[in-house]
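Presented below is the structure to which this report refers.
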Amino acid sequence: MTHLPLTENLAPNGKVPDCARPRHVAVVMDGNGRWARQRYMPRFFGHKQGVDTLVRAVNAFAERGVEYLTVFAFSSENWKRPSDEVSGLMGLVLVAVSKYLTKMAGDGVRIRIIGDRSAVSDKLRDAWDRAESLTANNRRITLSVAFNYGGRWDVVQACRQALADGVKPEDFDESYLSRHMALSFAPDPDLFIRTGGEMRMSNFLLWQAAYSELFFTECLWPDFGESEIDAALAAYAQRDRRFGGIRPAQLVSDSP
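Those letters in the sequence shown? Residues 3 to 258, per this note's numbering, in order.
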């Protein structure tokens, strides 16, 4: 279901005002396989188109002032997919790094990989290391790619670090856990987008997205362009974010 923006929250030029723009956007890039099937093509071509869409989306979000973009590329549950699709996705990552790394580095994009790297090949880990090293000093936007990632895995690995550090129960709190999560270098996502029509989080950023604004759209990821990005940002601008609190004006109006 697509949530349409309200025009009264836009600036006169039709853009989202700076004060209502999210610093961090998280995206579940869903719908690649269905996009390919609609065109009578193998699923792999949908994933390939999805990579091209991601490269365009990174620049579009950066142009709109978003500082962090985190995308769900491969979940810890995706290993259940057919082996030929999994191997094709692994190969696609290597091709994408070779094809786009220089361009993204030149565009000021910092690339970070989050997830369990132990299950992927040395070749893939080397490609990720190269991407992170080459872009380490870029500051325009940070693109975090969640690969072999799961929200529950993230919480467990952070707890394991705490146990290994010998943290006492009385010293273990939310702040400590947050410092050991995979996205400890970024603020929590302000806006959580899922494309493809499904309305669930699918084990993505369960800890970090506790107070994220959710935006679901039927648009399949390969078709997710600038107009869809603007719709999501405009919808975010109309949300009233209170983080469990009550604004002073509401407190007065609710008084007997």
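C-beta: ideal position from N, C-alpha, C; glycine also.
From a predicted model like this one, the values you see are computed outputs, not experimental measurements.
Residue nearest to residue i in terms of C-alpha spacing, selected from the options
{"i": "ASN205", "options": "ASN150, VAL53 and PHE47", "result": "ASN150"}
{"i": "ARG36", "options": "GLU220, ASP86 and VAL97", "result": "GLU220"}
{"i": "THR137", "options": "LYS105, ALA98 and THR72", "result": "LYS105"}
{"i": "ASN80", "options": "LEU71, MET92 and THR72", "result": "MET92"}
{"i": "GLU65", "options": "ARG127, GLU228 and GLU87", "result": "GLU228"}
Nonlocal neighbours in the same chain, by C-beta distance under 7 Å from residue i, ignoring five residues either side
{"i": "ASP32", "result": "ARG196, THR197, GLY198, GLU200 and TRP223"}
{"i": "ASN140", "result": "ALA107, GLY110, VAL111 and ARG112"}
{"i": "ARG244", "result": "none"}
{"i": "PRO44", "result": "ALA38"}
{"i": "VAL169", "result": "TYR178"}
Backbone secondary structure at residue i - three-state DSSP
{"i": "GLY49", "result": "The sequence given here places His at residue 49; Gly does not occur at that position. Correct three-state label for HIS49: helix."}
{"i": "PHE174", "result": "coil"}
{"i": "ALA188", "result": "coil"}
{"i": "ARG127", "result": "helix"}
{"i": "LEU8", "result": "Low per-residue confidence applies at LEU8: pLDDT is 38, beneath 50, and the placement is therefore not dependable enough to give any value."}
{"i": "ASN1", "result": "For residue 1 there is no data in the structure shown, the boundaries of the chain being 3 and 258."}
{"i": "VAL111", "result": "strand"}
{"i": "GLU220", "result": "coil"}
{"i": "ARG202", "result": "coil"}
{"i": "VAL157", "result": "helix"}
{"i": "THR55", "result": "helix"}
{"i": "MET3", "result": "The predicted position of MET3 is uncertain, since its pLDDT is 41 and thus under 50; a value taken from the coordinates is nonetheless stated next. In this structure, MET3 counts as coil in the three-state DSSP scheme."}
{"i": "VAL60", "result": "helix"}
{"i": "TYR238", "result": "helix"}
Buried/exposed call for residue i, threshold 16 Cβ in 10 Å
{"i": "PHE74", "result": "buried"}
{"i": "PRO24", "result": "buried"}
{"i": "ALA121", "result": "exposed"}
{"i": "GLU215", "result": "buried"}
{"i": "GLY153", "result": "buried"}
{"i": "GLY48", "result": "buried"}
{"i": "ALA59", "result": "buried"}
{"i": "GLN51", "result": "buried"}
{"i": "ALA166", "result": "exposed"}
{"i": "ARG114", "result": "buried"}
{"i": "TYR42", "result": "exposed"}
{"i": "TRP130", "result": "buried"}
{"i": "SER100", "result": "exposed"}
{"i": "TYR1", "result": "This structure leaves residue 1 out entirely; the chain is present only between 3 and 258."}
{"i": "ASP242", "result": "exposed"}
{"i": "ASP156", "result": "buried"}
{"i": "PHE187", "result": "exposed"}
6 Å Cβ shell around residue i - same chain, five flanking residues per side excluded
{"i": "PRO14", "result": "Bear in mind that the predicted position of PRO14 carries a pLDDT of just 49, short of 50, making it too unreliable to give a figure here."}
{"i": "GLY90", "result": "PHE46"}
{"i": "ASN11", "result": "The predicted position of ASN11 is uncertain, since its pLDDT is 46 and thus under 50; no value can be drawn from it."}
{"i": "ASP190", "result": "GLN210"}
{"i": "SER146", "result": "THR72, ARG114 and ILE116"}
{"i": "LEU96", "result": "ALA129"}
{"i": "PHE194", "result": "ALA28, ALA211, SER214 and LEU216"}
{"i": "ALA22", "result": "ALA239"}
Nonlocal neighbours in the same chain, by C-beta distance under 8 Å from residue i, ignoring five residues either side
{"i": "ALA164", "result": "PHE174, TYR178, LEU179 and HIS182"}
{"i": "THR4", "result": "Confidence is the limiting factor: at THR4 the pLDDT is only 41, short of 50, which leaves the residue's position unreliable and the question unanswerable from this model."}
{"i": "GLU69", "result": "ARG25, HIS26, ILE143 and THR144"}
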